[in-house]
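Sequential numbering from 1 applies to the sequence shown in the working numbering. Glycine included, every Cβ here is placed at the ideal spot set by N, Cα and C. All figures in this text were calculated on a predicted structure; none of them were measured in a lab. As structure tokens, the structure follows; a few thoughts come after it.
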Amino acid sequence: MLVAVEAKSGARVSRGDTRGIRAFRENHPEQSHGIGVVVAAVPAPVLLGDDIVALPYDIA
């Protein structure tokens, strides 16, 4: 199973930031896909879709 991960430097994320993950899944339909993860400077986890979540990278 593949887990697509994308990194963003900003503290604001939106569904638009999942374009790369969604495109990867569309281009590789033969693969089994797990949850998608956007790693960003968010203060707490954010659900960006049914199966894509933004997770904070600064957990001081």
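Spatial distance of residue i from residue j (CA atoms)
i, j, result
"Y57", "P45", "10 Å"
"A41", "V3", "20 Å"
"E6", "G20", "8 Å"
"H28", "R22", "10 Å"
"R12", "E30", "32 Å"
"H33", "P43", "26 Å"
Residues sharing a beta bridge with residue i, DSSP
i, result
"H28", "Answer is none; H28 lacks a bridge partner."
"L55", "V39"
"G49", "I52"
"A7", "V39"
Neighbourhood of residue i by C-beta, 8 Å cutoff - its chain only, sequence neighbours within 5 removed
i, result
"G10", "A40 and A41"
Beta-carbon proximity list for residue i, same chain, < 6 Å, skipping 5 on both sides
i, result
"L48", "R15, T18 and A54"
Cβ neighbours of residue i in the same chain (closer than 7 Å, five flanking residues each side left out)
i, result
"D51", "I35 and G36"
Identity of the residue in the options nearest residue i by Cα
i, options, result
"M1", "V13, P43 and R25", "R25"
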